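Numbering of the sequence shown is given in full-length UniProt numbering, commencing with residue 1 and proceeding in unit increments.
All C-beta atoms, glycine included, are put in the ideal place defined by N, C-alpha and C.
No experiment lies behind these values; they were computed from the predicted model shown.
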Amino acid sequence: MSLFKAREWWATTSGYEEFHDLGCLCIGNLDNSMPPSNKIAVGSFQGLVRVYRPEPGSFSPDHLLIEHQTGKAILQLETGRFIQGSKQLQLALLHPKEVAVYSLSSQSSDDPSGPDQSLSEPSNLYTLSPVYSNSLSRTSCNMTIGAFGRVDVGDYICVQSMDGQLSFFVHDSFAFSVFLPDFLTPGPLCYLARTDSIVTANSSRQLLSFQYQSLSMAYCGSADVGGRENAGKKPRADWTVNLGDHVISIRIPRQLPGKPSQLLVLGERGVYCVLDTGQLRFMMKLEVSPTCIYPYGVVLSSDLGERGGGGEEGGEGSLQYLLATDSGQLQVFQDSALKWAAALPHPPTDISVATFQDLQGVLVTVDELGHLTCCYLGTDPPPSPPRPPLPPGTSISPRWRGR
Numbered sequence: 001m002s003l004f005k006a007r008e009w010w011a012t013t014s015g016y017e018e019f020h021d022l023g024c025l026c027i028g029n030l031d032n033s034m035p036p037s038n039k040i041a042v043g044s045f046q047g048l049v050r051v052y053r054p055e056p057g058s059f060s061p062d063h064l065l066i067e068h069q070t071g072k073a074i075l076q077l078e079t080g081r082f083i084q085g086s087k088q089l090q091l092a093l094l095h096p097k098e099v100a101v102y103s104l105s106s107q108s109s110d111d112p113s114g115p116d117q118s119l120s121e122p123s124n125l126y127t128l129s130p131v132y133s134n135s136l137s138r139t140s141c142n143m144t145i146g147a148f149g150r151v152d153v154g155d156y157i158c159v160q161s162m163d164g165q166l167s168f169f170v171h172d173s174f175a176f177s178v179f180l181p182d183f184l185t186p187g188p189l190c191y192l193a194r195t196d197s198i199v200t201a202n203s204s205r206q207l208l209s210f211q212y213q214s215l216s217m218a219y220c221g222s223a224d225v226g227g228r229e230n231a232g233k234k235p236r237a238d239w240t241v242n243l244g245d246h247v248i249s250i251r252i253p254r255q256l257p258g259k260p261s262q263l264l265v266l267g268e269r270g271v272y273c274v275l276d277t278g279q280l281r282f283m284m285k286l287e288v289s290p291t292c293i294y295p296y297g298v299v300l301s302s303d304l305g306e307r308g309g310g311g312e313e314g315g316e317g318s319l320q321y322l323l324a325t326d327s328g329q330l331q332v333f334q335d336s337a338l339k340w341a342a343a344l345p346h347p348p349t350d351i352s353v354a355t356f357q358d359l360q361g362v363l364v365t366v367d368e369l370g371h372l373t374c375c376y377l378g379t380d381p382p383p384s385p386p387r388p389p390l391p392p393g394t395s396i397s398p399r400w401r402g403r
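Laid out in C-alpha cells, this is it:
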C-alpha cells in the first residue's frame with residue numbers, strides 16, 4: 001500500500017451500468033480546434049462513445065461535448081488521419097463486425113445558421129458524423145493504425161480477428177488480409193514505424209514481428225473450401241522473442257533520433273523492454289497483478305547525469321513508464337527501478353498522460369465501470385485515522401502536550 005495518493009484534478013462517471021476494457025480510452029485534439037486542445041473519448045461495450053473536455057474543478061455538464069449511441073459494442077478507439085488528403089484528425093471505432101471512422105465538428109451557437117439564438121453567451125454545439133465504415137467478415141479483437149508501407153498520405157488501419165486474420169484497410173477501401181502462422185488465440189497488436197512492422201504476441205507466449213512487406217506478399221485473394229483465404233506464401237516472422245509470459249499490452253514509447261525503437265511489453269507476471277531488432281533490453285518480474293501500462297518518456301543517460309542508462313554509448317535511453325495494478329496502485333518506473341508509487345481512486349483498465357489547460361503530465365485513467373479521472377501525483381499523505389480516546393482519569397505530562 002502506498003503512503004501517497006494521486007490528487008484528483010477532474011473526475012466523472014462515463015455512463016452507468018456500462019463496461020469498459022483496455023483500449024476504450026483515446027485522447028487528442030479530436031475536433032481539430034485552434035489553438036489545439038486535448039479531448040477525451042471513451043467508448044463502452046454498450047455502444048456509447050462520449051467526448052469530454054476536462055477543466056479544473058468539479059464536473060460540469062458542459063464538459064461533456066457529445067454522447068453518441070452507435071448501437072454496436074465498442075472494442076477500441078484510435079485517433080488519426082483516416083481521410084486521404086486531409087491533415088485533420090478523425091476518430092476510428094472498432095466494432096465486432098465493423099470498423100467505422102467518425103469526424104467530430106463544432107458549430108458556434110451564435111452562428112445565424114445555428115439552431116439556438118437565445119443563449120446569452122456563445123457556446124459550441126458538437127456533432128459526431130460518420131465518415132465511412134468498413135465491414136469485417138470475421139469477428140474482430142483489436143486494431144492498430146499507422147503509415148503502413150511508409151506512405152505519407154495518412155493512417156491506415158489493421159484489424160486482427162479472433163481467428164488470427166489481419167485485415168488491412170487503406171482509408172475507405174479494403175487492401176488485403178492474411179492469416180498469422182501457428183495461431184491459437186489473439187494477442188495485443190501494435191505498429192512499429194521505424195521497421196515498418198506489425199508486432200503481436202501469440203499463445204506460445206512469444207513476441208513476434210512481421211514486416212508489412214512480407215505480409216502483403218503473403219496475400220492471395222482466393223479462398224479454399226473451408227472459407228479461409230489461402231495465402232500462397234506463409235508469412236514469416238522477422239524475429240521472435242520467447243517471453244514465457246502471457247502478454248497483456250504492447251506500447252511503443254517515443255523514439256529518440258538516431259536510436260533504435262523500444263517496445264514496452266506488459267505481461268501477467270512481468271514487464272519487458274524489447275528493441276526493434278528483437279533483442280531483450282531488460283525485464284522485470286512483478287509481485288502484483290498489473291492491469292495496464294503507459295510509457296511517458298525516454299531520456300538519455302547524459303540528460304539524467306547517470307551512467308549506464310541503457311546500452312552502449314548512451315544506448316537507447318532510459319525508459320520511463322507508469323504501471324497500474326488491480327489493487328488501484330500506480331507505480332512509476334525508470335527501466336526496472338521503482339521511482340514513485342501512489343494510490344489511485346479506482347483500479348484502471350486503461351491509462352494515459354496528456355496536457356489540459358496548459359497543465360502537463362495529467363494522468364487520465366478509466367476503470368471497468370467507467371470512472372474517468374484526471375489526476376496528478378501529489379505529496380500529501382492521506383489523512384491519518386483519529387486517535388482513540390484516553391481512558392478516564394489519564395493525565396498527560398505537560399512536556400508531551402505539544403508533541
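Residue i vs residue j beta-carbon contact at 8 Å
i, j, result
"phenylalanine 82", "glutamine 69", "no"
"serine 135", "glutamate 78", "no"
"residue 404", "isoleucine 250", "Residue 404 falls outside the range modelled here, since the chain spans only 1 to 403, and no answer is possible."
"asparagine 29", "glutamine 76", "no"
"tyrosine 212", "phenylalanine 148", "yes"
"leucine 215", "valine 178", "yes"
"proline 345", "threonine 373", "yes"
"arginine 50", "valine 42", "yes"
"tryptophan 340", "valine 332", "yes"
"tyrosine 219", "phenylalanine 174", "no"
"threonine 195", "serine 161", "no"
"glutamine 88", "asparagine 32", "yes"
"leucine 208", "threonine 200", "yes"
"leucine 65", "tyrosine 126", "yes"
"phenylalanine 59", "tryptophan 10", "yes"
"glutamate 18", "phenylalanine 45", "yes"
Reduced DSSP category for residue i - H, G, I as helix; E, B as strand; rest coil
i, result
"residue 421", "No answer is possible for residue 421: it lies beyond the span of the chain, which begins at 1 and ends at 403."
"serine 173", "strand"
"glycine 308", "Per-residue confidence for glycine 308 stands at a pLDDT of 42, beneath the threshold of 50, marking its modelled position as unreliable; the derived number appears in the next sentence. Reduced to three states, the DSSP call for glycine 308 is coil."
"serine 214", "helix"
"phenylalanine 148", "helix"
"alanine 100", "strand"
"leucine 94", "strand"
"threonine 139", "coil"
"cysteine 24", "coil"
"phenylalanine 179", "strand"
"isoleucine 74", "coil"
"glutamine 357", "coil"
"tyrosine 132", "strand"
"valine 153", "coil"
"glycine 80", "strand"
"glycine 43", "strand"
"valine 298", "strand"
"proline 348", "strand"
"histidine 246", "coil"
"tyrosine 16", "coil"
Pairwise C-alpha distance: residue j and residue i
i, j, result
"arginine 150", "asparagine 202", "25 Å"
"glycine 15", "glutamate 67", "10 Å"
"tyrosine 272", "tyrosine 102", "35 Å"
"leucine 286", "aspartate 326", "13 Å"
"proline 257", "glycine 317", "11 Å"
"histidine 371", "threonine 277", "39 Å"
"tryptophan 239", "asparagine 124", "50 Å"
"leucine 264", "valine 274", "7 Å"
"threonine 12", "alanine 237", "44 Å"
"asparagine 242", "serine 204", "8 Å"
"glutamine 279", "methionine 217", "26 Å"
"lysine 72", "histidine 246", "29 Å"
"isoleucine 248", "glutamine 206", "12 Å"
"leucine 300", "aspartate 335", "12 Å"
"glutamine 107", "proline 388", "59 Å"
"leucine 22", "arginine 281", "25 Å"
"glutamate 55", "cysteine 190", "31 Å"
"glutamine 25", "aspartate 350", "The residue you asked about is not glutamine; residue 25 is leucine in the sequence shown. In a straight line, the C-alpha of leucine 25 is about 7 Å away from that of aspartate 350."
"lysine 259", "glycine 297", "14 Å"
"arginine 269", "glycine 328", "17 Å"
Short CB-CB distance (under 8 Å) between residue i and chain B
i, result
"aspartate 245", "Included in the structure is just one protein chain, with no chain B present."
Rounded Cβ spacing between residue i and residue j (contact assumed at less than 8 Å)
i, j, result
"alanine 6", "leucine 266", "Actually they do not touch by this definition, with Cβ atoms about 20 Å apart."
"leucine 180", "proline 235", "7 Å"
"serine 167", "serine 129", "With a Cβ gap of about 24 Å, serine 167 and serine 129 do not count as contacting."
"glycine 80", "aspartate 152", "About 13 Å separates the two Cβ atoms, so there is no contact after all."
"valine 366", "histidine 63", "Wrong, their Cβ atoms sit about 15 Å apart, outside the cutoff."
"serine 137", "alanine 100", "Incorrect: roughly 16 Å between the Cβ atoms, too far for contact."
"isoleucine 27", "alanine 92", "Not really, about 14 Å apart at Cβ, beyond 8 Å."
How do the segment 288-297 and the segment 318-335 stand: do at least 3 beta-carbon pairs fall below 8 Å, yes or no? In short, these stretches touch, since the Cβ pair count reaches three.
Stretch-stretch touch, CB-based, cutoff 8 Å, three pairs: the segment 31-43 with the segment 347-365: Contact holds: three or more Cβ-Cβ distances are below 8 Å.
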